[in-house]
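With the first letter of the sequence shown counted as 1, position 513 gets the number 513 in full-length UniProt numbering; the numbers rise by one all the way through.
Idealized CB from N, CA, C, for every residue including glycine.
Computed from a predicted model, the values in this text were never measured in an experiment.
Below is one structure; the comments refer to it alone.
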Amino acid sequence: CGDGPGGGSSRRASLYIVCDKGGAAPCVAGAELVPAEYPEPRATKHAFKKLMRAAVPSAPPAAEHPGFLRLIEESGWLWQLRQLFQLSGAVVDLLDLQGSSVLLSLEDGWDATAQISSLAQICLEPYYRTLEGFRILVEKEWLALGHKFQQRSNIGATPQQGFTPTFLMFLDAVHQLQKQFPLAFEFNEYYLRFVAYHCVSCRFRSFLLDNEAQRADLGITAADDKRADTNRMAGGEAGAGSEEECGGGSSGPRGPTLGHSLFDYIDRHHQKSPIFYNFLYTPDLDNPVLRPVSSISALEVWQYYTSEELSHGAPYDLEVLAPAETEPRHPQRRVVTAGYDSIARSMPDSFTGLLERIRQLELELGHLPQKWRVRWDQLELPNTLELQRNSSMSSGVVRRATLAVHKRGTLEVLVRGRLAAAPPAPAPPAPPAHRWAPAPAAAPARCDHCQDLLWGPLKTGVRCVDCGASCHERCAEAWAPPCTKYKAPPPPDADTLCAPLSAGVSTLQSSSQQYYEQFSSNVAENRTHEGHLYKRGALLKGWKQRWFVLDSIKHQLRYYDAMEDSHCKGFIDLAEVITVTQASPAPGPPKKCDDRSFFDLRTSRRTYNFCASDANAAQEWIEKLQ
């Protein structure tokens with residue numbers, strides 16, 4: 001997307017509208033529609049469930065356990081992160097390199113739109129990589145935009161839809177950016193884990209309810225700007241502050257009823273200790289735009305999903321950890337165990353350890369301890385002239401190669417969008433099909449398909465009325481070669497046009513039916529999931545095996561007599577589905593069925609009873625249908 005190295009030529013537009021597939025073409029001159037694929041809430045929920053099965057299993061692994069990495073791959077969580085990076089990277093390139101405007105018009109506007117917009121702004125603007133900037137980004141792109149934190153976190157009075165970690169996926173994406181650009185962020189990885197933990201802990205008022213109007217109605221919106229206290233602490237006081245200030249307490253008669261802001265709490269603790277600060281933070285003013293690598297091999301599983309500290313519980317309640325840190329440490333050697341002890345607190349990094357040592361020495365001398373930021377700012381920077389580093393050939397090549405790969409990814413997004421928006425090309429004409437007719441053979445013969453015996457008294461056969469090919473009835477369905485002597489119907493003449501109206505209508509219907517049957521019925525389908533299920537009849541209550549197909553485009557669950565059938569026996573409209581739950585075994589179950597393989601699908605019309613081949617297949621159907 002540009003004329004730079006590796007960019008090539010591309011048709012430019014003043015405005016790119018990133019939208020769902022099937023969106024209407026823009027009527028504004030200079031605008032281009034870009035249909036995109038993005039992680040939908042339902043897919044995110046299912047991927048997170050599978051991710052938790054790998055990261056936090058409910059039972060010890062069995063002998064046939066596929067392994068941690070295989071379960072991570074099958075969850076699809078990293079693939080959804082890759083989709084976010086591809087779309088946000090395309091937005092970054094269109095804004096930065098091409099100078100065009102981008103409009104995000106995805107779903108309802110508060111899930112994928114917030115994710116892509118926030119990631120693009122973090123990559124473009126270095127201010128949003130600071131503590132203050134990230135707070136403003138979350139407040140304007142998530143809280144003010146109306147992301148449904150209560151519904152997605154499933155913490156309402158009557159939870160129904162399950163936990164959908166849309167905001168958690170965004171924090172995971174920021175963590176991936178931190179791993180690829182460790183010098184670009186002012187906050188560290190513990191800050192992201194702290195926000196991820198407390199966005200569902202209900203301890204702070206920041207992420208309660210679904211929008212600002214609900215927060216204002218219930219009185220949990222801040223009546224004053226608590227950041228004024230933080231600014232006062234940063235500018236006017238040099239002491240460490242009181243415990244009440246660090247606890248996020250608010251003054252005034254309405255303080256206890258309003259609750260506390262998570263970001264105010266973080267700011268107060270940031271004034272006391274560098275627990276949220278990244279000591280490697282070095283903003284690069286010459287290259288402010290971040291272009292991350294979106295390949296699966298460059299992504300990793302976040303430590304937040306897999307780490308534990310059993311000695312004190314979750315390390316995100318600082319008041320619980322404060323008494324343990326003030327206890328006198330024994331001089332003798334102590335064994336530190338990963339998973340039980342906190343590695344960061346037991347073996348702090350050099351910067352944190354030296355700052356804490358300076359604080360202890362000041363207390364021993366009877367001095368008022370200075371804030372850590374004051375000491376940090378007093379450090380003398382080395383002479384930049386002596387440390388001037390000329391860019392090497394390898395670094396320049398890597399930078400140009402990364403830019404070329406990023407631009408190629410943007411072009412792929414645009415090309416896929418243009419192909420999706422273009423009208424479909426007409427399908428090529430189907431090869432002429434055989435017209436089979438029953439043909440009992442008086443003498444033994446060979447089947448032209450399987451070369452087995454073909455004889456009337458033993459095995460009946462069929463013969464093509466055009467080319468004379470002979471085969472079994474079962475082989476006729478699998479016959480691949482087209483008919484070599486197919487005779488197309490003659491064009492209509494004047495006598496045919498003057499035929500009665502009823503005969504003309506019947507001829508048109510028969511020819512249309514013949515033309516329709518030449519095409520495969522699977523072309524216009526999007527089969528999300530398919531397989532055999534036993535369905536219990538509504539009248540006689542008998543179990544019969546059917547072939548079920550879940551279509552995510554038409555939102556239907558169709559069932560056929562056999563897998564090869566092209567016409568369905570019926571369908572269930574997914575818009576009428578209320579619940580899909582596991583059920584107890586019904587009377588008269590099919591043979592060799594597990595007791596956990598039964599599930600019920602309840603709609604607004606009736607309740608359908610199903611039985612899968614085993615418990616795993618039943619659980620997979622339940623997850624796909626939810």
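Distance CB(residue i)-CB(residue j) smaller than 7 Å
| i | j | result |
| --- | --- | --- |
| H449 | C464 | no |
| N278 | E132 | no |
| V549 | E530 | yes |
| P165 | F68 | no |
| W543 | P590 | yes |
| V92 | Y16 | no |
| Y304 | R193 | yes |
| C483 | H434 | yes |
| T282 | L183 | yes |
| D108 | W302 | no |
| C447 | C467 | no |
Residue nearest to residue i in terms of C-alpha spacing, selected from the options
| i | options | result |
| --- | --- | --- |
| S613 | R606, P585, E623 and L533 | L533 |
| A404 | F68, G67 and L97 | L97 |
| residue 631 | H270, A469, Y305 and A439 | A question about residue 631 goes unanswered here, because the residues of the chain that appear run from 1 up to 626. |
| V415 | C19, V34 and A13 | V34 |
| E139 | N188, G162, V195 and Y190 | V195 |
| C202 | L192, Q83, N188 and Q150 | Q150 |
| R82 | R536, H406 and Q626 | H406 |
| L355 | I553, W376 and E364 | W376 |
| D600 | G99, Q619, A617 and V580 | V580 |
| F276 | G156, K148, A538 and R129 | R129 |
| W547 | G570, I553, K541 and H65 | G570 |
| Q592 | A615, N609 and S118 | It should be pointed out that residue 592 corresponds to Lys in this sequence rather than to Gln. It is A615 whose Cα lies nearest to the Cα of K592. |
| N287 | R357, I155, E125 and L168 | E125 |
| D594 | K371, T607, P41 and Q619 | Q619 |
| A31 | P41, P60, H65 and L94 | L94 |
Coil, strand or helix - residue i by DSSP
| i | result |
| --- | --- |
| I72 | helix |
| T230 | Confidence is the limiting factor: at T230 the pLDDT is only 44, short of 50, which leaves the residue's position unreliable, though a coordinate-based value still follows. Helix, per DSSP. |
| E530 | strand |
| D600 | strand |
| N609 | strand |
| H449 | coil |
| I572 | strand |
| S105 | strand |
| P438 | strand |
| A404 | helix |
| E623 | helix |
| W543 | strand |
| V462 | strand |
| F170 | helix |
| L550 | strand |
| A63 | coil |
| G470 | The displayed chain sequence assigns Ser, not Gly, to residue 470. It is a strand residue. |
| L15 | strand |
| F263 | helix |
| K179 | helix |
Proximal residues to residue i (C-beta, below 7 Å), its chain only, five neighbours per side dropped
| i | result |
| --- | --- |
| L321 | H312 and P315 |
| Q86 | S294, G409 and V413 |
| H198 | F204, L262 and Y316 |
| G259 | F204, R205 and I220 |
| A437 | V462, R463 and V465 |
| T352 | P274 |
| A439 | G461, V462, R463 and S470 |
| S75 | A47, K50, L51 and A54 |
| I358 | R375 |
| K624 | T528, H529 and L550 |
| V174 | I122 and L192 |
heavy atom of the ligand HEM below 6 Å from residue i C-beta
| i | result |
| --- | --- |
| L143 | With respect to the ligand HEM, the structure shown offers nothing to examine, as it has no ligands at all. |
Beta-carbon contacts of residue i that lie in its chain and below 8 Å, excluding the five residues immediately before and after
| i | result |
| --- | --- |
| E309 | P315, G339, Y340, D341 and S342 |
| P292 | F85, G89, C123, Q176, L177, Q180, F181 and A298 |
| L106 | V18, C19, D20, A36, Y38, A112, T113 and I116 |
| I578 | R602, T603 and S604 |
| D561 | R546, W547 and K569 |
| L137 | S118, Q121, I122 and Y128 |
Proximal residues to residue i (C-beta, below 6 Å), its chain only, five neighbours per side dropped
| i | result |
| --- | --- |
| G146 | W110 and N211 |
| L78 | I296 and L299 |
| F598 | A583, P585 and C611 |
| K45 | G162 and T164 |
| G156 | Q150 |
Beta-carbon separation (whole angstroms), residue i vs residue j, contact threshold 8 Å
| i | j | result |
| --- | --- | --- |
| V200 | S153 | 5 Å |
| S350 | V336 | About 17 Å; that fails the 8 Å criterion. |
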